[in-house]
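FYI, my numbering numbers position 368 of the sequence shown as 385, with every residue one higher than the one before it.
Please read the structure below before turning to the comments.
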Amino acid sequence: VLFRSRRTMQPDQLSQRWRLSAGVGLLMMLSIVLSLRHWGNLRNRLSALQDQAAANHGSADRRPWRLLWQSRLVFVLVMLQLLALVSVVVAATPGRVPLALALLLQPIEILIKAAGVVAVVVLLKLVLRLLLRQWRSNPDVPWQQLARRKQRYANLLQAGCRLLNLAGLLVLLALVLIGIPGISATPLSTWLAGGALLGALAFVFQSLLRDFVAGLVILLEDHYAVGDWVEVDGLEGDVEDVGVLATQLRGIDQRVAIIPNSRCDRLVNHTRLRSGMELIVPLHTSQPELERALAVLQEVCDSFAAQEPWNNTLLQPPWLRGVRQITPMAVEVSVLLVTSAGEQWAAKRALLGQIVTRFEQEGLKLAQVPVAIS
């Protein structure tokens, strides 16, 4: 062995080893360049097909999926070639051939670990789906909360799958790092230093951790779900996505507001289980004719509660609450609507239209309240 080691370290042997490694490395670099060029062409074709589908408002063409998987396979091939190139460079150094072989076999070990982690994540997703379906179909749930249960089911399933994907990625990363040659023999002091570094990073990114914990609380406590109309710190809109770090709201002007979950402490949910809205009917101060106006309003409310489709939308007939307040501009009469979740705005517009029409027929005057123009 000693003679073989001395012979390996001879200048002519080292020169031959380096020339062979350089030739193999150049061939591999050329292969990597060609693979990258092919990958770039696939990405350009995929981008062109996506632009064409967007221009045609969707397309049933299956080519984008095929190109997507081809580009992914070529990208994995490039990564494997880069790892093989590193192995060739390591093998050029005398005494490093076992390490080079370990690096070369590393992708197979990573693929086996990735397959195991993916299988566990898929199994956990199936278990999560079964548990949530059992929770959704609980016969003890009151019928008023069935729609909310279905809404929360979709929200919890989406968030749970995201958490499982994140956990699986972290576990796979830990398994890959542990399997790297030399990592398992790292002394305890190095691991302790790494733990201290992670603690420092957690302190630096404490706002992200706060958003993550707040997102879990929102999901578990059912503050809101996808499809709810909420108001957060002056921002109002439809909840499009409840992530583990932030919530997306789409306003009535179709702009999307992204709010960190930790800032959703002052929250108003307009569509949880049911909705309601107060209508203000301003009567003219000079001739309010209060008794006749109240009688007409009551007739309109009773008629509205019996009409299609509002009889199915209203959870109770419109409640004429009477005079709300008297101001120099108007005598304000309050009417309360209680509807199914999210139907209060349509019911309000329809009822106001019928009130205005009936007041015109009866000759009742409404106050001329100034409207602010923004």
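Where a beta carbon is used, it is the ideal one built from N, C-alpha and C, also for glycine.
Please read all numbers here as calculations on a predicted model, not as lab measurements.
Worksheet item: Are the Cβ atoms of leucine 187 and leucine 149 separated by less than 9 Å?
Response: No.
Item to complete: Tell me, please, which residues DSSP counts as bridged to asparagine 286.
Response: BP columns for asparagine 286 point to Val247.
Worksheet entry | Pick from Cys318, Gly339, Gln324, Ile127 that is closest to alanine 191, judged by C-alpha positions | Looking at the Cα atoms, Ile127 is the closest of the given residues.
Worksheet item: Rounded to whole angstroms, how far is the Cβ of arginine 179 from the Cβ of valine 243, which I believe are closer than 8 Å?
Response: The Cβ separation is near 13 Å, so there is no contact.
Fill in: Same chain only: Cβ atoms within 8 Å of leucine 189, ignoring 5 sequence neighbours per side
Answer for leucine 189: Lys130, Ala131, Val134, listed in chain order.
Practice prompt. Indicate the three-state DSSP secondary structure (helix, strand or coil) for serine 357 in the structure shown.
Written response: Assigned with DSSP and collapsed to three states, serine 357 falls in strand.
Practice prompt. Please classify valine 158: does DSSP put it in a helix, a strand, or coil?
Written response: In the three-state reduction of the DSSP assignment, valine 158 falls in the coil class.
Worksheet item: Do the stretch 325 to 340 and the stretch 349 to 361 touch if we need at least three Cβ pairs shorter than 8 Å?
Response: Between the stretch 325 to 340 and the stretch 349 to 361, the count of Cβ pairs shorter than 8 Å is three or higher; the stretches touch.
Fill in: Alpha carbon of arginine 62 to alpha carbon of leucine 100, nearest angstrom
Answer to the nearest angstrom: the Cα atoms are 27 Å apart.
Practice prompt. Return the CA-CA distance between phenylalanine 321 and valine 313, expressed in angstroms with no decimal places.
Written response: Taking the straight line joining both Cα atoms gives about 12 Å.
Item to complete: Measure the alpha-carbon distance for serine 292 versus serine 303 and round it to whole angstroms.
Response: Serine 292 and serine 303 have their C-alpha atoms spaced approximately 35 Å apart.
Worksheet item: In chain order, what residues of the same chain have a beta carbon less than 6 Å from the beta carbon of tryptophan 246, not counting five sequence neighbours either side?
Response: Around tryptophan 246: Asp255, His287, Thr288.
Item to complete: Indicate the three-state DSSP secondary structure (helix, strand or coil) for glutamine 265 in the structure shown.
Response: Reduced to three states, the DSSP call for glutamine 265 is strand.
Practice prompt. Have a look at the DSSP bridge pairing and note the partners of glycine 342.
Written response: It should be noted that the sequence gives glutamine, not glycine, for residue 342. Note: glutamine 342 sits in a beta bridge opposite Glu349.
Worksheet item: For proline 299 versus valine 373, is the C-beta spacing smaller than 9 Å?
Response: No, they are not a contact pair.
Practice prompt. Please list, in chain order, all residues of the same chain as leucine 252 whose beta carbon is under 7 Å from its beta carbon, the five residues on each side excluded.
Written response: Cβ within range, chain order: Leu266, Ala274, Ile276.
Worksheet item: Shortest alpha-carbon distance to alanine 141 belongs to which of Ala184, Trp56, His301, Glu377?
Response: As written in the sequence, residue 141 is leucine, which differs from the alanine given in the question. That would be Ala184, whose Cα lies nearest to the Cα of leucine 141.
Worksheet item: Straight-line CA distance for cysteine 318 to tryptophan 362?
Response: Cα atoms of cysteine 318 and tryptophan 362: separation of roughly 16 Å, rounded to the nearest angstrom.
Item to complete: Spatial neighbours of glutamine 315 within its chain, please: CB distance less than 8 Å, with the 5 preceding and 5 following residues excluded, ordered by chain position.
Response: These residues qualify, in order along the chain: Leu337.
Discussion item. I believe alanine 358 touches alanine 171 by the beta-carbon criterion, under 8 Å. Please report the beta-carbon distance rounded to the nearest angstrom.
Written reply: With 8 Å as the limit, alanine 358 and alanine 171 do not qualify as a contact, their Cβ atoms being about 15 Å apart.
Worksheet item: For the putative contact between isoleucine 49 and glutamine 98, defined by C-beta atoms under 8 Å, what is the C-beta separation to the nearest angstrom?
Response: Right, their Cβ atoms sit about 5 Å apart.
Item to complete: Can you tell me which of the three DSSP states glycine 254 falls into?
Response: Reduced to three states, the DSSP call for glycine 254 is strand.
Item to complete: Alpha carbon to alpha carbon, how far is valine 95 from alanine 65? Give it in angstroms, no decimals.
Response: Those two C-alpha atoms are separated by around 23 Å.
Worksheet entry | Chain-order list of residues whose beta-carbon lies under 8 Å from that of leucine 236 (same chain, five-residue window excluded) | Result list for leucine 236: Asn172, Leu173, Ala176, Val259, in chain order.
Fill in: Inter-residue spacing [alpha-carbon to alpha-carbon] between alanine 384 and tryptophan 152
Between alanine 384 and tryptophan 152, the C-alpha separation is close to 52 Å.
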